[in-house]
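Student: The opening position of the sequence shown corresponds to residue 284 in my numbering, with each subsequent residue numbered one higher. Cβ coordinates follow ideal geometry from the N, Cα and C atoms, glycine included. Just so we're clear, the structure is a prediction, and the values are computed from it rather than from any experiment.
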Amino acid sequence: MTPDLTRLLIARHPLIFPRGWPPRSDIGNGWFGLLDALCGELQAETERGGPQVSADQISHSFGRLEFDTRRHRTDLDDEQRGMIAHACATSTRTCEVCGAAGALVAIRRGGARTRCIAHADRGVDEPVPVLYVHVDSDTGHVIGQIVTGGQPGTIITATHFPKLMAAARGDECEEFQTIQLLNRDELSMVRSSD
Ligand SMILES: [Zn+2]
């Protein structure tokens, strides 16, 4: 993942990444949503009395997400094991570049990867634009910027609101393929890491 998304994931789930991003991780931006949701579920289980999960390695094996924990899963409860298994299974149907629906394909550089039709031959080191969106609670205005690909620093104004919200709901959006809704603190963090 690109550094901006990596920082966002760590900031949202500091207890799962107590030492920062795992030393072994080579996945694409498209799996951010999967990982973000998984980490949220794992931490919710911890708050219900389950063990604290600590990510040791995040990688892919033949197009499938691998989420390994520091203690080799021995400390996970059954709920957490199920959450990880489900996320890893879902990854084989999720484009690793953009997060759209995908399937396992063989790519030109060798190996199997999960890709949508548009990114069937694209490497994870060529990320599609990510648009960060923050909705100002006072004005209702949408504020955002593209931080990977596209035109860095582009400010999105209120006139984009209907289209952006439609895209954030998962509807088709041609201009941006990966959209993240942020709160105010997260928007500041992403901006400061440009
Ligand atoms: Zn894709």
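Can you tell me which residues form a DSSP beta bridge with Leu298?
Tutor: Looking at the DSSP output, Leu298 bridges to nothing.
Student: Roughly how many angstroms lie between the CA atoms of Gly433 and Cys381, to the nearest whole one?
Tutor: Because the pLDDT of Gly433 is 49, which lies under 50, any placement of that residue in the model is unreliable, and the number read from its coordinates should be weighed accordingly. Roughly 14 Å between the two C-alpha positions.
Student: Spatial neighbours of Cys322 within its chain, please: CB distance less than 6 Å, with the 5 preceding and 5 following residues excluded, ordered by chain position.
Tutor: His296 and Ile299
Student: Would you grab the beta carbon distance between Ile310 and Gly303 for me? Rounded to a whole angstrom, and I think it's under 8 Å.
Tutor: For Ile310 against Gly303, the beta-carbon gap comes to about 16 Å, at or over 8 Å, which does not count as contact.
Student: Quick one: measure Cβ to Cβ for Thr377 and Gly313, integer angstroms, because I've assumed they're closer than 8 Å.
Tutor: Confirmed, Cβ separation roughly 6 Å.
Student: Mind pulling the alpha helix (DSSP H) runs of 4 or more residues that sit fully within the segment 287 to 355?
Tutor: 315 to 330
Student: With 16 as the cutoff for other CB atoms within 10 Å, does Glu379 come out buried or exposed?
Tutor: With 16 or more Cβ atoms within 10 Å of its Cβ, Glu379 is classed as buried.
Student: Just to check, is the beta-carbon of Arg398 closer than 7 Å to a non-hydrogen atom of ligand 1?
Tutor: yes
Student: What does DSSP give as the partner residue(s) for Gln463 in the beta ladder?
Tutor: Tyr415
Student: In the DSSP output, what is Ala384 paired with across the bridge?
Tutor: Thr377
Student: Once DSSP output is grouped into helix, strand and coil, what is the label at Arg396?
Tutor: strand
Student: Would you kindly work out how many angstroms separate the C-alpha atoms of Pro301 and Arg347, rounded to a whole number?
Tutor: 24 Å
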